[in-house]
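Note sheet for the following structure.
Protein chains: 2
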Amino acid sequence: MKNRSIILAKRPVGNPKPDDFALHVGELPDIQDSCIQDNEILVKNFAISLDAGFRNWMDEDAGDEVLPAMPLGEPVMGLSLCEVLATKNPEYEVGDKLMARFAWQEYSIGKPGDFIAKLPKDLEFPYSYYLGVLGDTGMSAYFALTEIAPPKEGETVLISAAGGAVGSIAGQIAKIYGARAVGISSSPEKCDFLVNELGYDAAVNRKAPEGQAEAIKAACPDGVDIFLDNVGGETLQAAITNMNHRGRIAMIGAVTHYTAKGAPSAPNNLFELVSKEITAQGFMTHFRHDEYEAVRQQLESWLAEGKLKSFEHKLTGIENVGVAFCQMFEGQNFGKTVVDL
Amino acid sequence: MKNRSIILAKRPVGNPKPDDFALHVGELPDIQDSCIQDNEILVKNFAISLDAGFRNWMDEDAGDEVLPAMPLGEPVMGLSLCEVLATKNPEYEVGDKLMARFAWQEYSIGKPGDFIAKLPKDLEFPYSYYLGVLGDTGMSAYFALTEIAPPKEGETVLISAAGGAVGSIAGQIAKIYGARAVGISSSPEKCDFLVNELGYDAAVNRKAPEGQAEAIKAACPDGVDIFLDNVGGETLQAAITNMNHRGRIAMIGAVTHYTAKGAPSAPNNLFELVSKEITAQGFMTHFRHDEYEAVRQQLESWLAEGKLKSFEHKLTGIENVGVAFCQMFEGQNFGKTVVDL
Numbered sequence: 001m002k003n004r005s006i007i008l009a010k011r012p013v014g015n016p017k018p019d020d021f022a023l024h025v026g027e028l029p030d031i032q033d034s035c036i037q038d039n040e041i042l043v044k045n046f047a048i049s050l051d052a053g054f055r056n057w058m059d060e061d062a063g064d065e066v067l068p069a070m071p072l073g074e075p076v077m078g079l080s081l082c083e084v085l086a087t088k089n090p091e092y093e094v095g096d097k098l099m100a101r102f103a104w105q106e107y108s109i110g111k112p113g114d115f116i117a118k119l120p121k122d123l124e125f126p127y128s129y130y131l132g133v134l135g136d137t138g139m140s141a142y143f144a145l146t147e148i149a150p151p152k153e154g155e156t157v158l159i160s161a162a163g164g165a166v167g168s169i170a171g172q173i174a175k176i177y178g179a180r181a182v183g184i185s186s187s188p189e190k191c192d193f194l195v196n197e198l199g200y201d202a203a204v205n206r207k208a209p210e211g212q213a214e215a216i217k218a219a220c221p222d223g224v225d226i227f228l229d230n231v232g233g234e235t236l237q238a239a240i241t242n243m244n245h246r247g248r249i250a251m252i253g254a255v256t257h258y259t260a261k262g263a264p265s266a267p268n269n270l271f272e273l274v275s276k277e278i279t280a281q282g283f284m285t286h287f288r289h290d291e292y293e294a295v296r297q298q299l300e301s302w303l304a305e306g307k308l309k310s311f312e313h314k315l316t317g318i319e320n321v322g323v324a325f326c327q328m329f330e331g332q333n334f335g336k337t338v339v340d341l
Numbered sequence: 001m002k003n004r005s006i007i008l009a010k011r012p013v014g015n016p017k018p019d020d021f022a023l024h025v026g027e028l029p030d031i032q033d034s035c036i037q038d039n040e041i042l043v044k045n046f047a048i049s050l051d052a053g054f055r056n057w058m059d060e061d062a063g064d065e066v067l068p069a070m071p072l073g074e075p076v077m078g079l080s081l082c083e084v085l086a087t088k089n090p091e092y093e094v095g096d097k098l099m100a101r102f103a104w105q106e107y108s109i110g111k112p113g114d115f116i117a118k119l120p121k122d123l124e125f126p127y128s129y130y131l132g133v134l135g136d137t138g139m140s141a142y143f144a145l146t147e148i149a150p151p152k153e154g155e156t157v158l159i160s161a162a163g164g165a166v167g168s169i170a171g172q173i174a175k176i177y178g179a180r181a182v183g184i185s186s187s188p189e190k191c192d193f194l195v196n197e198l199g200y201d202a203a204v205n206r207k208a209p210e211g212q213a214e215a216i217k218a219a220c221p222d223g224v225d226i227f228l229d230n231v232g233g234e235t236l237q238a239a240i241t242n243m244n245h246r247g248r249i250a251m252i253g254a255v256t257h258y259t260a261k262g263a264p265s266a267p268n269n270l271f272e273l274v275s276k277e278i279t280a281q282g283f284m285t286h287f288r289h290d291e292y293e294a295v296r297q298q299l300e301s302w303l304a305e306g307k308l309k310s311f312e313h314k315l316t317g318i319e320n321v322g323v324a325f326c327q328m329f330e331g332q333n334f335g336k337t338v339v340d341l
C-alpha cells in the first residue's frame, strides 16, 4: 500500500499556483507491523479542509507560536477529517473519527501534542460539515461575533471575503444576532450569492469602479459598527474609513498579507483608529480548543433549527488538494472548500 | 488693545515648519462694550499647550467628528489655559481659570459647545501642570494605562515618543503600576533622559543602526506585553514584531501619519495581530471629558506623594508658539511643551 501526499514543491510568490505543489507517493507504514510508537495513532484522512490562512506558513520566515514555517519538500500542513486505523494511545480507539491538524496526505501519524479534536461517534451531519460550519471555519465565525466583536441588534456588520468559508457562516450568524449583514466579495456573481443564498442584506464588489470605500459607504448608509476582516490591506482601510465611533474590528485573517510580493499593502491611515476610538482584535481558533465542544453544540442547534446552512465547494482526490487551495485565492469558491480523498 | 494670534499661513507638508505659521495682529473687542453674546465668555489665554496630535487637522481633508480641518488664514486650534475677563454665561465668573480648546491667540471668545474644563479656584500646582501632567497629556497617559491597556505587575510596557509630553507621564505611571517600562526615543540624549530622569527601566533609540525591531528585542528580553503608541508606522510594526501573545496596544497618536508626504508608512504585517491575538485600541481624551475631574484628583495625589513628576519644555511669547510646535516634531522637547504668553 502507498501513502500519497501533496508536498510543498516551491514557495508560493503571491497567490499560490498549482505547480507550487506536487504529488508524492510514499510507502504506507505496515499497520500490522505497527510503525507507531507509544501514544501515537495511525489515521486515514478522508477529507481535507482548505483554509487560506495556512498560506502564511508557506513562507520561509513565517514560523511563530502557532506553526513553524512549512519545510520545502514535505507534505503541506492542513486540517483533515480522519479515522483511527491503529492506536497506541489509550485516549483513542480504532474507528474514532477526528478533526486534526495533519498534512495533505492519505495517512498520517498523530503524536502527543498534535492538534486533534475528537468528533462524536455518530455524526449527526454530513462529515464535511465537521471541517466547515462545525469545524475551525464555523468556530472562527462564531468566536468573531460572540467573543471578539458581538453585535447589538440593528448594528451593521461588514464582512470581507464574505462568500468564503468563514464569511459564508459569519453573515448568517450576524443575521441570527439581529444585525444588518453586509458582505464584501470579488465579483458580481459572488455578490448575488451573498444576497440570494447566504441572506446578506447587501453586498459590495471590492472591484467596483468607484472604489471600495465609496461602495461600502453606499451599502452601509448608517456606517459600519463591526468589521470582520479576512483580507487586510486596502479592504481594511476602506472599512476603517466607513466605521462609526467605537467600532470594533475582529481580525480573522489577512489574505493580502499572506500573498503580498514584497511589503503588503497596509491600511494607510491608522490614525482613524485613534480619532474614532476603534478597537481591532486579532484572534485564532487555535488558542480556543477548549471551547470547541460547547461551540459545536451551539452551531449544531442552529443547523438543526434551519437558522444556519452550510455551503461547500467540493473537489475529489488527493491530486486536487493543491488546486482547490489555489482556487480560493482566485475567489472561485462559494463557501467552504473541502476535498474528499 | 490688540489681539495677537498665530494663524495657519500654509498647510504643512510633512513635519511642520516655522513659516507654516504667521503672527497676525487684530483688534481686541472692547470688553466694556461687550462684544460677547448671551452665553459667551471672553478669556485671556495665558499659556498654550502644544500637542502633536493637532497636526492631523492642519491637512485640508482632515475633518472628522473630533475637529473640522483647520482653515487657512485662521488662528490655529489648540489647547490653552485662560482666565475669564467677561461673561454672559451664568456658569462662569470673571476670574475663573479654565483649560479650553481655543486657538493660538491672546484673547478668545468661548461659545456654548466649546470644549472648556473649569480648573480649581486655587491652583495647588504650577499652572502649566494643568496643561501637561494634569491636562489632556496626563489624562492620555492615565487612560492608556488604566482603561485601555492596564498592565499587570511585572509586565513589560513599551512606549513610543517616550520622552514627549504623554510618554514622559506614561512611563512614570507604568512604574507606579509595577510594570517594567521601556521607552523608545529619537536620540541618545533623550534615551539618557528616559532612564535617568523619567525612571524608565530601559530605553531604545529608534535610529539605532541594528533597526528598531532588534533594538526593542534587546531592551525587552521577555517580549512586550503592552505598547503605548504615539508614533505609528515603522515603530508600530517593530513593536508588534516584539509583542507577546495577547499583547495590548493603546493607540494614542500616530505622528508618522500626520506628517507623511503621500501614503504614510504603515505596519506591513498586520497578520501578526491575528496570529498573536493582539488587541489594538484607539482612544482620545476628547471623548472622556466627564472623567477629567476624577482623573485629575488621582494624578494630583501621585504628584503630592512624589510618585509623579512633571517635565516641561517652556518657551515664552505668542510669536514662539509655532516654533515650539515645530520643535516637537524634531524631537527637541523633553517632556511637555508649553508656551507662556
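Listed in order, the protein sequences are those of chains A and B.
Quick note on numbering: UniProt numbering labels position 250 of the first sequence as 250, and the sequence is numbered without any gaps.
Quick note on numbering: UniProt numbering labels position 160 of the second sequence as 160, and the sequence is numbered without any gaps.
Ideal Cβ positions, reconstructed from N, Cα and C, are used throughout, including at glycine.
For this session: Would you mind sorting T87(A) into buried or exposed? The rule is 16 or more other CB atoms within 10 Å of its CB.
Result: Answer is buried; the Cβ neighbour count reaches 16.
Problem set entry | Residues of the region 264 to 285 of chain A whose Cβ lies closer than 9 Å to any Cβ of chain B, in chain order | P264, S265, A266, P267, N268, N269, L270, F271, E272, L273, V274, S275, K276, E277, I278, T279, A280, Q281, G282, F283, M284
For this session: Pull out every residue of the region 51 to 75 of chain A whose Cβ sits closer than 7 Å to any Cβ of chain B, in chain order.
Result: N56, D64, E65, V66
For this session: May I ask you to list the residues that DSSP assigns as paired with K97(B)?
Result: E83(B)
Exercise. Roughly how many whole angstroms lie between the Cα atoms of G171(B) and I159(B)?
Worked result: The C-alpha of G171(B) lies about 7 Å from the C-alpha of I159(B).
Exercise. Going by DSSP, what residues sit across from N45(A) in a beta bridge?
Worked result: In the DSSP assignment, N45(A) forms a beta bridge with C82(A).
Problem set entry | When G135(B), Y142(B), I6(B) are compared against E106(B), the one with the closest alpha-carbon | I6(B)
Exercise. Do you know offhand how far G223(A)'s Cα is from A181(A)'s?
Worked result: Computed Cα separation, rounded: 12 Å.
For this session: Could you confirm whether any beta carbon from chain B is found closer than 9 Å to the beta carbon of Y258(A)?
Result: yes
Problem set entry | 9 Å Cβ cutoff met for N230(B) and A52(B) | yes
Problem set entry | chain A contact for A254(B) (CB, 9 Å cutoff) | yes
Problem set entry | Per-residue contacts from G232(A) into chain B (C-beta, under 8 Å) | Below the 8 Å Cβ cutoff, chain B contributes L270, F271 as neighbours of G232(A), in chain order.
Exercise. Counting only runs that start and end within the region 87 to 150 of chain B, where is the beta strand (DSSP E) found for 3 or more residues in a row?
Worked result: As far as the region 87 to 150 of chain B is concerned, its whole beta strand (DSSP E) runs of at least 3 residues are 97 to 100, 107 to 110, 116 to 118.
Problem set entry | DSSP bridge partner residues for N56(A) (one or two, in chain order) | According to DSSP, N56(A) bridges with nothing at all.
For this session: Just the C-alpha distance for S71(B) and S108(B), rounded to the nearest angstrom, thanks.
Result: The sequence given here has Pro at residue 71(B), not Ser. Their Cα atoms are separated by approximately 17 Å.
Exercise. Is it true that the CB of F46(A) sits closer than 9 Å to the CB of F325(A)?
Worked result: no
For this session: For L236(A), decide whether its Cβ has a neighbour in chain B, counting only Cβ atoms nearer than 9 Å.
Result: Closer than 9 Å to some Cβ of chain B, the Cβ of L236(A) qualifies, so yes.
For this session: Express the C-alpha separation of Q281(B) and F143(B) in angstroms, rounding to a whole number.
Result: 12 Å
Exercise. Does the distance from the C-beta atom of I116(A) to that of M139(A) stay below 9 Å?
Worked result: no
For this session: Consult DSSP for L198(B) and reduce its assignment to one of helix, strand or coil.
Result: coil
Problem set entry | For L270(B) and A238(B), the rounded distance between their alpha carbons | 11 Å
Problem set entry | Rounded Cβ spacing between G14(A) and T259(A) (contact assumed at less than 8 Å) | About 5 Å separates the beta carbon of G14(A) from that of T259(A), a gap short enough to meet the 8 Å contact definition.
Problem set entry | Helix, strand or coil at P75(A) [DSSP, three-state] | strand
Exercise. Taking DSSP as the reference, what is the three-state secondary structure of Q281(A)?
Worked result: Three-state DSSP puts Q281(A) in a strand.
Exercise. Based on Cα-Cα distance, which residue from I184(A), D20(A), I36(A), P151(A) lies nearest to G73(A)?
Worked result: D20(A)
Exercise. Going along chain B, which residues have a C-beta under 8 Å from M251(A)?
Worked result: L270, L273, V274
Exercise. Going by the CB atoms, is the gap between D225(B) and N244(B) shorter than 9 Å?
Worked result: yes
For this session: Could you pull out every residue in the same chain whose Cβ sits closer than 7 Å to the Cβ of E60(B), ignoring the five residues on either side in sequence?
Result: R11, A69
Exercise. Should H289(A) be flagged as near chain B, meaning a C-beta pair shorter than 9 Å?
Worked result: no
Exercise. Where are the alpha helix (DSSP H) runs, 4 residues long or more, that stay fully inside the region 203 to 278 of chain A, in chain order?
Worked result: 212 to 219, 233 to 241, 255 to 258, 271 to 275
Exercise. In three-state DSSP terms, what is L315(B)?
Worked result: strand
Exercise. Quick one: is H245(B) near chain E, going by C-beta distance under 9 Å?
Worked result: Of the chains in the structure shown, none is chain E; the protein chains are A and B.
Exercise. Per DSSP, N3(B) is paired with what?
Worked result: G26(B)
Exercise. Name the DSSP beta bridge partners of R11(B), please?
Worked result: Paired residues: none, contrary to the question.
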